[in-house]
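Residues in the sequence shown are numbered consecutively from 54, following our numbering.
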Amino acid sequence: MITLDSHPSAMDRSLLLRAALGVLTVAALCYGWTTSFPDNVNISYGLPLRWGIHQLITIAGPVDTWRVDVSALLIDLILWVALLIVVPELVKPRAA
């Protein structure tokens with residue numbers, strides 16, 4: 054049976070924090086921003102490192118090319134997974 058307490062337990066907080074960080078991880082890896090120059094339009098993906106660039110337009114006309122930096126993607130994944138593991142442990146209350 055699930056009860057609603059006014060003070061969630063430490064496990065509930067940890068689970069909630071992990072879920073929030075998981076959503077933040079997916080959002081950071083999928084976030085894209087457009088860079089537009091007169092002869093070039095790109096959409097870049099990834100936070101904090103830019104791991105993917107989707108080129109849409111060049112001076113020669115429309116294109117559809119992707120450039121993916123796998124090492125930047127792996128570093129991003131390692132960073133976000135480390136945050137998923139470390140942050141809930143840091144906010145966990147200490148036993149007296």
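Even for Gly, the Cβ is constructed at its ideal location relative to N, Cα and C.
Query	Result
If I96 and L109 are in contact, beta carbons under 8 angstroms, what's the gap, nearest whole angstrom?	7 angstroms
Decide if Y98 is buried, meaning its Cβ has at least 16 other Cβ atoms within 10 Å, or exposed.	buried
According to DSSP, simplified to helix, strand and coil, what is R120?	strand
Helix, strand or coil, according to DSSP, for L109 in the structure here?	strand
Helix, strand or coil for G99? Go by DSSP, reduced to three states.	coil
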